[in-house]
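In full-length UniProt numbering, the protein residues as written are 1 to 130. For each residue, glycine too, the CB sits at the ideal point set by N, CA and C. These numbers were taken from a predicted model, which means no experiment stands behind them. This report concerns only the one structure given below.
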């Protein structure tokens, strides 16, 4: 992914536009939620734990498809409360390339598929040809 020079106000933690090299293989993850591989759910109400589990799940999905966090050029983050954004951003920044962050959208929703789920994340990655 390469950032594109786009005349908009400075952004915090994301790119306003991302471009993918021709010939790249695209990888989409489904929305990942804070459920660990063993079926346990990150603690209800704990934004940091839920966000970390979600990002770990996204990373595992990317790895299964032969991609890495460095290949991610787009994130869509669904939250039930935008007041938790500072925590979500702090955890997200442990996973993404902060020098070249992905384009991102944050969407506040009335609820996710279970009432104890606070966050869901989708990622799109571009794996460069070998």
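Find out if the Cβ-Cβ distance for the pair residue 36, residue 53 is shorter than 8 Å.
Result yes, Cβ atoms of residue 36 and residue 53 sit closer than 8 Å.
Under three-state DSSP, which class holds residue 94?
Residue 94 falls in the coil class under three-state DSSP.
Alpha carbon to alpha carbon, how far is residue 128 from residue 22?
So the two alpha carbons sit approximately 9 Å from each other.
Does the beta-carbon distance from residue 108 to residue 79 come in below 8 Å?
In contact: residue 108 and residue 79 (Cβ atoms closer than 8 Å).
Assign residue 94 to one of two classes, buried (16 or more other C-beta atoms within 10 Å of its C-beta) or exposed (fewer than that).
Answer is exposed; the Cβ neighbour count stays below 16.
Mind listing, in chain order, the continuous alpha helix (DSSP H) runs of no fewer than 4 residues lying wholly within the segment 5-71?
Listed in chain order, the alpha helix (DSSP H) runs fully inside the segment 5-71 are 47-64, counting runs of at least 4 residues.
Return the chain-ordered list of same chain residues with a C-beta closer than 7 Å to the C-beta of residue 28, the five sequence neighbours on each side being excluded.
In chain order, 124 place their CB closer than 7 Å to the CB of residue 28, counting only its own chain and leaving out the 5 sequence neighbours on each side.
From this set, 41, 51, 126 and 105, which residue's C-alpha is nearest residue 114's C-alpha?
Comparing C-alpha distances from residue 114 to each of 41, 51, 126 and 105 shows the shortest one belongs to 41.
Identify which residue in 47, 18 and 20 has its Cα closest to the Cα of residue 83.
Measuring from the Cα of residue 83, the nearest candidate turns out to be 47.
In whole angstroms, what is the alpha-carbon distance linking residue 92 and residue 76?
C-alpha separation (whole angstroms): 12 Å.
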